[in-house]
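Q: After the C-alpha cells below, expect a handful of questions from me.
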Amino acid sequence: NTLSFALMREAEGLWEDEIGSNGDVKSVVFTSAKESGFIAGADIFDISSVDDKASLVPVIEEALQFFLRMKSKDVPMVAAIHGPALGGGLEWALWCDYRICTDSSSTKLGLPEVKLGLLPGFGGTQNLPALVGIQGGMDMMLTGKDIRPPKAKKMGLVDMVVAPQSLESVAIATAEGLANGTIKKSKPKKKSFMNRLIEDTPPGQNLMWDKVQKMVDKNTGGNYPAPYAIIDCVKYGLSHPKGLDKFKHERQGFAKLAATQESPALIGLFDGMNQMKKSSSSADPIAVKKVAVMGAGLMGAGIAQVTAEKGYDVLLKDRDDASLGRGVSYMNDNWGKKHKRKRMTKYQFNLNTSRVTPLSDDTESWKRHFSGADLVVEAVFESLDLKRKIVQQVESVTPDHCVFATNTSAIPIADIAAPGDEVKRPENIVGMHYFSPVPSMPLLEIIPHAGTSDEALATAFAVGNK
Numbered sequence: 045n046t047l048s049f050a051l052m053r054e055a056e057g058l059w060e061d062e063i064g065s066n067g068d069v070k071s072v073v074f075t076s077a078k079e080s081g082f083i084a085g086a087d088i089f090d091i092s093s094v095d096d097k098a099s100l101v102p103v104i105e106e107a108l109q110f111f112l113r114m115k116s117k118d119v120p121m122v123a124a125i126h127g128p129a130l131g132g133g134l135e136w137a138l139w140c141d142y143r144i145c146t147d148s149s150s151t152k153l154g155l156p157e158v159k160l161g162l163l164p165g166f167g168g169t170q171n172l173p174a175l176v177g178i179q180g181g182m183d184m185m186l187t188g189k190d191i192r193p194p195k196a197k198k199m200g201l202v203d204m205v206v207a208p209q210s211l212e213s214v215a216i217a218t219a220e221g222l223a224n225g226t227i228k229k230s231k232p233k234k235k236s237f238m239n240r241l242i243e244d245t246p247p248g249q250n251l252m253w254d255k256v257q258k259m260v261d262k263n264t265g266g267n268y269p270a271p272y273a274i275i276d277c278v279k280y281g282l283s284h285p286k287g288l289d290k291f292k293h294e295r296q297g298f299a300k301l302a303a304t305q306e307s308p309a310l311i312g313l314f315d316g317m318n319q320m321k322k323s324s325s326s327a328d329p330i331a332v333k334k335v336a337v338m339g340a341g342l343m344g345a346g347i348a349q350v351t352a353e354k355g356y357d358v359l360l361k362d363r364d365d366a367s368l369g370r371g372v373s374y375m376n377d378n379w380g381k382k383h384k385r386k387r388m389t390k391y392q393f394n395l396n397t398s399r400v401t402p403l404s405d406d407t408e409s410w411k412r413h414f415s416g417a418d419l420v421v422e423a424v425f426e427s428l429d430l431k432r433k434i435v436q437q438v439e440s441v442t443p444d445h446c447v448f449a450t451n452t453s454a455i456p457i458a459d460i461a462a463p464g465d466e467v468k469r470p471e472n473i474v475g476m477h478y479f480s481p482v483p484s485m486p487l488l489e490i491i492p493h494a495g496t497s498d499e500a501l502a503t504a505f506a507v508g509n510k
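Here the sequence shown is numbered in the working numbering, starting from 45 and rising by one per residue.
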C-alpha cells in the first residue's frame, strides 16, 4: 500500500459517502486488508511527476483538510497496524485517537522522508513531537529510522501491541470502548522530570536545539537541506501552537525541498536500489526450503544467521567442531543481543536457533542432510582450487536442482564454474557476494556467469530478497 494522490481522493470520497454524514457511525477503525502492510508511505512517483513543485502545496493542503474533516466528526478513530506504517502511513495513524500494532517482525513505524530529501508533509512534524516528545520525534525524523513494536509501545507511539491474529478484533473492541467511554483516548506519554526540564523550559530547549544542530552539522556537513527544514518546522510549531499556520509552514517546506536538486537525486537512488532488487530473469525460482552454508567463519556464520532469520532451514558446515562452535556462538551471541535489546522475542530467538543444524566433516550424517539442500552458499578461503573442490563435494551429495552460490569477492565466477572433473552442473552456479559484517550490511551482489541458468539466477534473487 502506498498513499498516492488517487488513493487519497478515493478515501475522501469513501469517507464523505459512508461515514462523514452517517450518524450511525460511532467509531472508526483504519486497517489494511493486505498482508504486505498498513501504508508504506506516500507514492514518491506522484511527487516526482509534478514539474512545478509549488503546486504540491494545494495538493497537500487538500489531504490535510481531509484529516481535519475526519477529526471534526468527533468520533474515536483507531489505527490498526500490521506491517509497515511509514511516512504518510504513520502520519495517517498519528491523526487517530488510538494506535494498535502487531508484534510481527514485519511491523515497523517511521518517518523516513529525510532519506528522500523531504520532510513529513501530512502533519508529521507537528503531531509526532506532540505525541512522543520533541527529542523522540526529532530522533525519528532526522534519522528516518524504523521503530519496532516494543519500542513504539515504550515511547508512546502506539497504545497497544497485539498478535496479528488478534488485531482486527482488538481494534474493533477498542473503538467500541472509546465510543462508549469504557476506554480512554490516548494521551501523550508522560514526560520524566529531566525531559520536562529539557523540552518545556527555555534554557533546556536552547541546549537541546544546540545539540541537535551540532549533530545535523556533523552528519550532513551542511550538504542536505531536509534535516534543517525539519528542525525549522518543529520550532515553528512550538512557537505557533494554535491554529493551522504550523501545517501551512510544513507543506510549504515540503514543496521547497521537493524542488531542490538533492531530493530528486535521493529519490532516484532509492528507486535504483529497489530496481536492483528485481531479477532480470523471467524464470521461476526453485522452491527453497533448506540452505546449506559451507564455512562457519565470520562470513559463513553471518550468512547462516540472516538466512535463518528469513525462515529457511540452515545447514552450517565446517571442517571441525571447534570452527563450527565459533560460528554457532557468533550467531547465538548476535541473537542474544537482539533479545536483550527487545528487538527479538524469546520465541523468535528459539525459532532461529532451532533452524540451524551444525555439521562438521566428522558428522557422519552430513551427506544425508545435504541431500535435501536446495541452495548451497560457500564462504570458504579465497582459493580457486579449494572452491572447485567444494563444488565437486557439494554436487556429489545434493540433488540436481540444487543451486551452488559462491561468496567470492575476487575470483571470477566463470573460473569457478568452468566445466571439468570438479564441476558437472555449471548452469547451477552463481555468485552471491554478501558484505561483512553480514547481519549489519543489507547489501548483496548477485553475479551470474555466462552459463548461469535463468532458474539459478531467479533463485538467488528470491532468497536474497526474502
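Think of the CB as a built atom: it goes at the ideal place given N, C-alpha and C, for glycine as much as any other residue.
Since the structure is predicted, the reported quantities are computational estimates derived from the model, not experimental observations.
At the level of alpha carbons, what is the spacing between serine 65 and threonine 75?
A: 21 Å
Q: I need the DSSP call for glutamate 422, collapsed to helix, strand or coil.
A: strand
Q: Indicate the three-state DSSP secondary structure (helix, strand or coil) for histidine 477 in the structure shown.
A: strand
Q: According to DSSP, is valine 482 helix, strand or coil?
A: helix
Q: Measure from the alpha carbon of serine 283 to the alpha carbon of each residue in Phe314, Leu313, Asn318, Glu243, then state which is nearest.
A: Glu243
Q: With burial defined as no fewer than 16 other Cβ atoms inside 10 Å of the residue's Cβ, what is the status of glutamate 62: buried or exposed?
A: exposed
Q: For lysine 382, which residues of its own chain have a beta-carbon under 7 Å away from its beta-carbon, when the five flanking residues on both sides are left out?
A: Met388
Q: How is glycine 177 classed by DSSP in three states: helix, strand or coil?
A: coil
Q: Tell me the residue span of the beta strand (DSSP E) that contains tyrosine 142.
A: 142 to 146
Q: Determine contact between the segment 157 to 171 and the segment 269 to 288, defined as no fewer than three beta-carbon pairs at a distance below 8 Å.
A: yes
Q: Is the beta carbon of alanine 215 closer than 9 Å to that of valine 122?
A: yes
Q: Can you list, in chain order, the residues of its chain with a C-beta nearer than 6 Å to that of alanine 345? Leave out the 5 residues immediately preceding and following it.
A: Gly371, Tyr374, Met375
Q: Specify whether the segment 294 to 305 and the segment 75 to 84 touch according to this definition: at least 3 beta carbon pairs, one from each stretch, less than 8 Å apart.
A: no
Q: Helix, strand or coil for methionine 338 per DSSP?
A: strand
Q: Three-state secondary structure (DSSP) at lysine 321?
A: coil
Q: How many whole angstroms separate the CB atoms of phenylalanine 414 and valine 441, which I take to be in contact at a CB cut-off of 8 Å?
A: 5 Å
Q: The beta strand (DSSP E) with proline 128 in it runs from where to where?
A: 128 to 130
Q: Taking leucine 395 as the reference, give the member of Val358, Ser367, Pro492, Lys411 with the closest Cα.
A: Val358
Q: May I ask you to report which of helix, strand or coil DSSP gives serine 404?
A: strand
Q: Could you tell me which of Ile460, Pro329, Val101, Ser409 sits nearest to phenylalanine 49, measuring between CA atoms?
A: Val101
Q: How big is the Cα-Cα spacing for aspartate 444 and arginine 469?
A: 8 Å
Q: Under 8 Å Cβ to Cβ from valine 176, same chain only, skipping five residues before and after it: list those, please.
A: Met184, Met199, Gly200, Leu201, Pro232, Lys233
Q: In angstroms with no decimal places, state the Cα-to-Cα distance between methionine 182 and glutamate 439.
A: Those two C-alpha atoms are separated by around 54 Å.
Q: Taking Cβ positions, are leucine 301 and valine 256 nearer each other than 9 Å?
A: Result no, Cβ atoms of leucine 301 and valine 256 do not sit closer than 9 Å.
Q: At 3 residues or longer, and completely inside the segment 348 to 416: list those beta strand (DSSP E) runs for me, N to C.
A: 357 to 362, 400 to 404
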